[in-house]
Amino acid sequence: IEALAANGTTNIQTSVTGVTASKRRFIDDRRDQPFDKRLRFSVRQTESAYRYRDIVVRKQDGFTHVLLSTKSSDNNSLNPEVMKEVQSALNTAAADDSKLVLLSAVGSVFCCGLDFIYFIRRLTDDRKRESTKMAEAIRNFVNTFIQFKKPIIVAVNGPAIGLGASILSLCDVVWANEKAWFQTPYTTFGQSPDGCSSLTFPRIMGLASANEMLFSGRKLTAQEACAKGLVSQVFWPGTFTQEVMVRIKELVTCNSVVLEESKALVRNIMKVDLEQANDKECEALKKIWGSAQGMDSMLKYLQRKIDEF
2 IEALAANGTT NIQTSVTGVT ASKRRFIDDR RDQPFDKRLR FSVRQTESAY RYRDIVVRKQ
62 DGFTHVLLST KSSDNNSLNP EVMKEVQSAL NTAAADDSKL VLLSAVGSVF CCGLDFIYFI
122 RRLTDDRKRE STKMAEAIRN FVNTFIQFKK PIIVAVNGPA IGLGASILSL CDVVWANEKA
182 WFQTPYTTFG QSPDGCSSLT FPRIMGLASA NEMLFSGRKL TAQEACAKGL VSQVFWPGTF
242 TQEVMVRIKE LVTCNSVVLE ESKALVRNIM KVDLEQANDK ECEALKKIWG SAQGMDSMLK
302 YLQRKIDEF
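Positions in the sequence shown are counted from 1; adding 1 to them yields my numbering.
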């Protein structure tokens with residue numbers, strides 16, 4: 002690690018290359034279904050109205066379907082470009098005649114959280130500046146979910162890690178595939194909580210269970226996540242898509258004003274608290290990432306992943 006820090010970008014980039022391959026194998030080892038590239042292609046080919054690089058947006062009868070399908074990152078990880086596209090899709094859905102948004106993903110992984118490979122490559126140039134940029138990207142991304150007035154329904158088809166798991170608590174209904182799992186191993190990554198999880202997780206699952214996830218990175222199965230309140234229902238993998246669509250079609254028969262007002266009654270009481278939690282979390286991330294200790298923690302994480310493989 003000292004050599005990495007001393008020798009600068011070259012060795013860090015070599016480490017990044019190694020951990021990228023390790024990360025792919027890490028996810029591949031846990032996939033129960035092979036990734037079908039034809040699915041990604043067919044989903045993209047059906048789109049004409051909305052074209053993005055890292056997401057697919059399908060305007061359907063009564064709702065907008067946003068699917069993570071990243072090209073600029075592995076395993077639907079979130080970098081500033083991906084987050085901006087999701088924000089753009091949500092802002093469009095907020096202004097059109099959609100009654101709700103369905104958020105899901107293409108492939109067998111829902112979201113692997115922040116794209117640390119993207120981030121660490123840029124930290125070698127100007128640590129404090131890039132830390133601030135990434136923290137601000139997260140702040141804006143999370144605030145878009147907090148401020149969105151229409152219901153957001155999430156269909157979690159596979160692993161949801163880090164920010165990919167914490168944003169679930171900002172959505173309104175979460176349905177999970179039986180094979181999905183949830184983990185927020187922030188201390189392992191060398192960071193503090195994000196996505197308002199420091200506030201929402203204790204409220205949803207209790208302080209002890211929340212601390213297990215946020216401090217020690219305990220991994221929850223879909224059924225465990227459902228029992229703790231992070232997930233609404235769990236469906237069998239073979240019928241997951243059909244179960245989701247049946248329920249979505251039922252929801253879009255409701256009056257749009259009723260849906261928005263119902264969400265406002267449930268959510269608005271927490272809105273200020275969520276925005277404040279988001280601000281505090283992002284300030285903590287800037288402080289950690291901008292420090293030498295923060296860089297050292299991330300380098301150690303990279304080195305551990307390389308050593309594992």
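Here a beta-carbon is modelled for each residue, glycine too, at the ideal position from N, C-alpha and C.
These numbers come from a predicted model, not from an experiment.
Query	Result
From P160 to E262, what distance separates their C-alpha atoms?	32 Å
Counting Cβ pairs, one atom from each stretch, are 3 or more of them under 8 Å apart for the segment 172–182 and the segment 142–158?	yes
Shortest alpha-carbon distance to V107 belongs to which of E179, V67, E137 and P81?	V67
According to the Cβ coordinates, are L91 and F149 closer than 7 Å?	yes
Measuring straight from C-alpha to C-alpha, what distance separates D75 and D116?	8 Å
What number of angstroms, rounded off, separates the C-alpha of Q277 from the C-alpha of E244?	36 Å
By the DSSP assignment, the alpha helix (DSSP H) with L69 in it spans what residues?	No alpha helix (DSSP H) holds L69; the beta strand (DSSP E) holding it covers F64 to L69.
Based on DSSP bridge pairs, tell me the residues matched to I56.	L69
What's the C-alpha gap between N77 and D98?	28 Å
Can you list, in chain order, the residues of its chain whose CB lies under 7 Å from that of T222, leaving out five sequence neighbours each side?	W182
Quick check: P186 and G218, are their CB atoms within less than 7 Å of each other?	yes
Cβ atoms of I56 and E86: under 7 Å apart, would you say?	yes
Looking at the secondary structure, which residues open and close the beta strand (DSSP E) in which L101 lies?	L101 to A106
Would Q192 and K220 be called neighbours here (beta carbons separated by less than 7 Å)?	no
Helix, strand or coil: how does DSSP classify L115 here?	strand
Within this structure, are the beta carbons of Y302 and F190 separated by less than 7 Å?	yes
Under three-state DSSP, which class holds Q184?	strand
So, is K72 buried or exposed, given that buried needs 16 or more other C-beta atoms within 10 angstroms?	exposed
Quick check on L79: buried or exposed, where buried means 16 or more other Cβ atoms within 10 Å of its Cβ?	buried
To the nearest angstrom, how far is the alpha carbon of G291 from that of A228?	37 Å
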